[in-house]
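Enquirer:
Residue numbers (mature numbering (1 follows the signal peptide of the UniProt record, and there is no 0)): -31 to -1, 1 to 644.
1) For residue 561, which residues does DSSP report across the bridge?
2) From 414, 304, 150, pick the residue whose C-alpha is nearest to that of residue 233; which is it?
3) According to DSSP, simplified to helix, strand and coil, what is residue 575?
4) Following the continuous beta strand (DSSP E) through residue 30, name the residue where it begins and the one where it ends.
5) Does the Cβ-Cβ distance between residue 466 and residue 636 come in under 9 Å?
6) Would you say residue 540 lies against chain D (beta-carbon separation less than 9 Å)?
7) Which residues in the same chain as residue 624 place their Cβ atom closer than 8 Å to its Cβ, once the five residues preceding and following it in sequence are excluded?
8) Using only CA atoms, which one of 464, 450, 385 lies nearest to residue 650?
9) By the 10 Å Cβ neighbour count, where 16 or more other Cβ atoms means buried, how is residue 113 classified, buried or exposed?
10) Is there contact between the segment 41 to 51 and the segment 59 to 75, where contact requires at least three CB pairs shorter than 8 Å?
11) How is residue 641 classed by DSSP in three states: helix, strand or coil?
12) Residue 307 lies in the beta strand (DSSP E); which residues open and close that run?
13) So what does residue 190 bridge to, in DSSP terms?
14) For residue 381, which of helix, strand or coil comes out of DSSP?
15) Which partner residues does residue 617 have in the DSSP bridge list?
16) Which residue or residues does DSSP assign as beta-bridge partners of residue 497?
17) For my contact list, residue 249 and residue 389 are in at a C-beta cut-off of 8 Å; report their separation, rounded to the angstrom.
18) Quick check on residue 482: does DSSP put it in helix, strand or coil?
19) For residue 626 and residue 585, I'd like the C-alpha separation in whole angstroms.
20) If you drop the 5 nearest sequence neighbours on each side, which residues of the same chain put their C-beta closer than 7 Å to that of residue 643?
21) Does the structure place the segment 261 to 275 close enough to the segment 326 to 337 that three or more beta carbon pairs sit under 8 Å?
22) According to DSSP, is residue 549 part of a helix, a strand, or is it coil?
23) Taking the beta carbon of residue -5 as the centre, do at least 16 other beta carbons fall within 10 Å, making it buried, or is it exposed?
24) To which residues of the same chain is residue 258 closer than 7 Å at the C-beta, ignoring the five residues directly before and after it?
25) Who pairs with residue 349 in a beta bridge, going by DSSP?
26) Evaluate contact between the segment 137 to 150 and the segment 284 to 292, counting only Cβ atoms and requiring at least three cross-stretch pairs below 8 Å.
27) Determine the extent of the alpha helix (DSSP H) in which residue 66 is found, giving its start and end residues.
28) Please classify residue 75: does DSSP put it in a helix, a strand, or coil?
29) Short of 8 Å in beta carbon distance, which residues of its chain neighbour residue 145, apart from the five on each side in sequence? Order them along the chain.
30) Is residue 13 helix, strand or coil when you go by DSSP?
31) Pop quiz: residue 597 and residue 559 are said to be a contact at Cβ under 8 Å. What is the actual Cβ separation, rounded to whole angstroms?
32) Just the C-alpha distance for residue 394 and residue 353, rounded to the nearest angstrom, thanks.
33) Could you give the DSSP three-state label for residue 245: helix, strand or coil?
34) With distance defined between alpha-carbon atoms, name the residue in 531, 543, 522 nearest to residue 620.
35) Below 8 Å, can you find three or more Cβ-Cβ pairs linking the segment 507 to 514 to the segment 481 to 490?
36) Run through the segment 257 to 302 for me and flag every whole beta strand (DSSP E) of 3 or more residues, listed as ranges in chain order.
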C-alpha cells in the first residue's frame, strides 16, 4: 500500500510539473514575437469570437478588439482596443463615427441606414454580420439612393481588426440616378490621434479639426485649403492644410491611417486589392486627412470630374461588391519609437492581406474565392520602326482587364471590376485572380504615346487560364521625329515644378517626389513669367527647367481679370516638304474647363490650325495632382504651313472663366511626313 501511495503522489507531482511546463510554453508562444516586432497584439491567445445582439447594438468581440455596430442602421459606433474604450470620437452622434455614405443626385449625402440585421456566420473562428435594406419606391423615392444595400462586417479570431465590404444592387425598374461618391468614413478621437501616415515620406503630426475654423485659419482659393493663423498648437502657424494634398493613385492607395502617441496605438485602412475601385490604377483619390478622418474611397469624381461614368439609367440592372477592406489596429511599447514600429507593422499586415487575396473566409457569392477565378497571361511587344527596326519589349507597361469598351475607356469606367498588373523586363504579364465575366484587355507602355486594346472579347470562367501569346502594340506614328518635349508617361512630373511660396508650405509635401502637391504653385507661374509666357527653343531649352508643369492663366491679382496665356515652341527646319503632311502628337496629362488652340507661325490667325474645344473636369491643378485623365490628339498639318528656317508653334489656353482653367502636358512631338 505504501508503494501504491508513493506512486500516486509521484504521479500527481509529474502532472503538476507537466501543467507548469505547458503553461510556460503557452505564455512563451503568446509573447515570442514581442521582442522582435514590439507589437502587443497577442492574437493566438484568444480562441473564440463572441457575438451579442441587442435591440440597439450588435457587438463582436475576439478578445483583441470589440466592435459595436448600431442596430439596425449599420453605423459603427465603437471600437474598443488595448485599453481604449473607444478609438472613435464619442462626442459625435452615432451616425457620424464610422459609416458608409453615398453622394448622389444634386450632391445629396446618404449614409445608408439599413433596416435588417442577419447573422451570416458565427463560429469560433469568425463572425460575419449583414446589415441590409431593400429600396422601396413608395417610401424611399427622392429620399435615399435607389439601391439595395448590404453592408457586411467580419471579425476573425486572432486579427485585431474588422473587415468591411458592401454589396449594392440596382434592379431594372429603379429610377435614374447619378452616384458621384461611395466611401467608408471613420472619425477618430481628436484628442488622441494626432499623427497621420500616408506613405514612407508623407507622415507627421497634424493640426486639430478646430484649427481649420475661420477663427483659427484663413480660407485660401477654395474651402478645402486653409492657412493656419492662430492654431491651438503654435507649431502649425503659417502652414497650409488641404485634404487633397494627401491624395494618391489607386495603385498606391493601399495603407494609411493614424497613430495615438499617448496610447501607442495605430488605426489603419488596409486595401489589399483595387479590383472594385473605379477608373483604373492611376485614378487619384483621398486617403486620411485632418479631423482626424480615415477614408476608404471606392467611387468618386475626384481628378476625373463627370467624365467618369457615374450615371445609372432606368432599365439598367447592376450589382457590385466593394471590398473587403481591413480596419486594422495595432499597439506598441510606449518606450519604443512607436510611430516607426506601428507603421512597419501595418505594412507587414498589408503584405499578409495581399498574399491572402482573394479571401477564403467571406461568405457571399459576390466574392468568389481563388478557385472560382481565372487568369490571363501573355507578352506585349511594341513596334515603332522610327525608334527601332526590331520589336521592342514593353517593359513596365500597365496591362489590365476591364469592362468591354473603346480604346482607353478603362480610365472613365465606373461600374465594373478592373484587374491590372505591370509587365516584367521582357513584356510578359500575368493577371491573376480575375472574376468570371466578359472583359477587354487594355494597356499603355511607358515611353510610348497612346493606348492599346486587344480586339478580342475575353471570357473568364472559374479556374481557367487564358494564354494570349504575343501581342503587338503599334503606337500612333505617322513619320520620323523632328523634335519632342517631355516623356510619354501620362503625367507632368518631368516638367518644371517651382518651389512653393514660403508662406504657403505644407511640411508633409517637402519630399521632391511630392513637391507638386504644395499649395499655390499655379500662382508661381505669374511670379516667374512676369514679362511674358513660356518660350521653349528646341535644342537649347530643357523641359525640366524651361517648361512649366501646368499651362495656367496669368493671375493679375484680380480674380475677375485673369489673362489667357500663349506658350511658344521655337524650332528650325532645314527642309520642308510642302506637299506632305506633318503630324503634331499632342498628349495631355490633365484638362479642366480648358480649350487649347494651336497656331503655326502666325499667332494672330483668326482660325487656329487646331482646337481641342472645351475639355476636361479634372481640376488637377487645384487638387494638387500631377495628372488627371489622359488625352491624345494626332494633329495633321499641311506642309505649306511651315517655312525653311525658324518656325514657331503657338499654344493658347483660351478659357479664362475661373482661376483653375488649365491643361497639363504629357508629351509633344512633331513628326515629319511619312517616308
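Note that the Cβ used here is the ideal one computed from N, Cα and C, for glycine as well. None of these values were measured; they are calculated from a predicted model.
Expert: In terms of the structure at hand:
1) Translated into positions along the chain shown, residue 561 becomes position 592. According to DSSP, residue 561 bridges with 586, 631.
2) Counting from one through the chain shown, the residue named residue 233 turns up at place 264. When only C-alpha atoms are compared, the closest one is 304.
3) Residue mapping note: residue 575 aligns to position 606 of the chain shown, counting from 1. DSSP, read as helix, strand or coil, puts residue 575 in coil.
4) For this step, residue 30 is matched to residue 61 along the chain shown. 26 to 30 is the span of the beta strand (DSSP E), which, as asked, contains residue 30.
5) As a first step, residue 466 is located in the chain shown; it is residue number 497 there, counting from the start. As a first step, residue 636 is located in the chain shown; it is residue number 667 there, counting from the start. Cβ atoms of residue 466 and residue 636: not closer than 9 Å.
6) Here there is only one protein chain, and chain D is not present.
7) Along the chain shown, one-based indexing puts residue 624 at 655. Excluding sequence neighbours, residue 624 sits near 533, 562, 563, 564, 583, 630.
8) The shown model of the chain, from -31 to 644, leaves out residue 650, and the question about it has no answer.
9) As a first step, residue 113 is located in the chain shown; it is residue number 144 there, counting from the start. Result: buried.
10) Taking a cut-off of 8 Å on C-beta distances, the segment 41 to 51 touches the segment 59 to 75, as three or more cross pairs fall below it.
11) Indexing the chain shown from 1 puts residue 641 at position 672. The answer is coil: DSSP assigns residue 641 none of H, G, I, E or B.
12) The count along the chain shown starts at 1 and reaches residue 307 at position 338. For residue 307, there is no enclosing beta strand (DSSP E); the enclosing alpha helix (DSSP H) covers residues 307 to 324.
13) The count along the chain shown starts at 1 and reaches residue 190 at position 221. Bridge partners of residue 190: none, in fact.
14) As a position in the chain shown, residue 381 is number 412, starting the count at 1. Three-state DSSP puts residue 381 in a helix.
15) What you label residue 617 is simply residue 648 of the chain shown in a count that begins at 1. DSSP output for residue 617 lists 539 as bridge partner(s).
16) In the chain shown, counting from the first residue as 1, residue 497 sits at position 528. Residue 497 pairs with nothing; no bridge assigned.
17) In the chain shown, residue 249 corresponds to position 280, counting from 1. In the chain shown, residue 389 corresponds to position 420, counting from 1. At roughly 7 Å, the Cβ-Cβ gap stays under 8 Å, so residue 249 and residue 389 are in contact.
18) The residue you call residue 482 lines up with position 513 of the chain shown. Three-state result, residue 482: helix.
19) Taking the first residue of the chain shown as 1, we reach residue 626 at position 657. Taking the first residue of the chain shown as 1, we reach residue 585 at position 616. Computed Cα separation, rounded: 14 Å.
20) Residue 643 sits at position 674 when you count from the first residue of the chain shown. Only residues of its own chain outside the window of five on either side were considered, and among them 447, 448 have a CB closer than 7 Å to the CB of residue 643, listed in chain order.
21) Judged by Cβ distances under 8 Å, the segment 326 to 337 makes no contact with the segment 261 to 275, as fewer than three pairs qualify.
22) To locate residue 549, count along the chain shown from 1; it is residue 580. In the three-state reduction of the DSSP assignment, residue 549 falls in the coil class, being assigned neither a helical nor a strand state.
23) Counting from one through the chain shown, the residue named residue -5 turns up at place 27. With a pLDDT of 40 at residue -5, under the threshold of 50, the modelled position of this residue cannot be trusted; read the value that follows with caution. Burial call: exposed.
24) For the purposes of this step, residue 258 is identified with residue 289 of the chain shown, where counting begins at 1. Counting only Cβ-Cβ distances below 7 Å, and skipping sequence neighbours, we find 212, 215.
25) Counting from one through the chain shown, the residue named residue 349 turns up at place 380. Looking at the DSSP assignment, residue 349 forms a beta bridge with 440.
26) With a cut-off of 8 Å, the segment 284 to 292 and the segment 137 to 150 count as touching, because enough Cβ pairs lie within range.
27) Taking the chain shown and counting its residues from 1, the one referred to as residue 66 is at position 97. Counting along the chain, residue 66 falls outside any alpha helix (DSSP H), and DSSP gives it neither H nor E.
28) Within the chain shown, residue 75 is the residue found at index 106, counting from 1. DSSP places residue 75 in helix when its eight states are reduced to three.
29) Numbered from its first residue, the chain shown carries residue 145 at position 176. The residues are 280, 281, 282, 283.
30) Taking the first residue of the chain shown as position 1, residue 13 is located at position 44. The pLDDT assigned to residue 13 is 48, lower than 50, so where the model puts this residue is not dependable; a value taken from the coordinates is nonetheless given after this. Helix, per DSSP.
31) Locating residue 597 in the chain shown gives position 628, counting from the first residue. Locating residue 559 in the chain shown gives position 590, counting from the first residue. Sure, about 3 Å apart at Cβ, within 8 Å.
32) Residue numbering aside, residue 394 sits at position 425 when the chain shown is read from its first letter. Residue numbering aside, residue 353 sits at position 384 when the chain shown is read from its first letter. Cα to Cα, residue 394 sits roughly 18 Å from residue 353.
33) Here residue 245 refers to the residue found at position 276 of the chain shown. The answer is coil: DSSP assigns residue 245 none of H, G, I, E or B.
34) Within the chain shown, the letter at position 651 stands for residue 620. Answer by Cα proximity: 522.
35) Touching, no, given that fewer than three Cβ pairs across the two stretches are closer than 8 Å.
36) Counting whole runs of 3 or more residues, the segment 257 to 302 contains the beta strand (DSSP E) stretches 262 to 268, 287 to 300.
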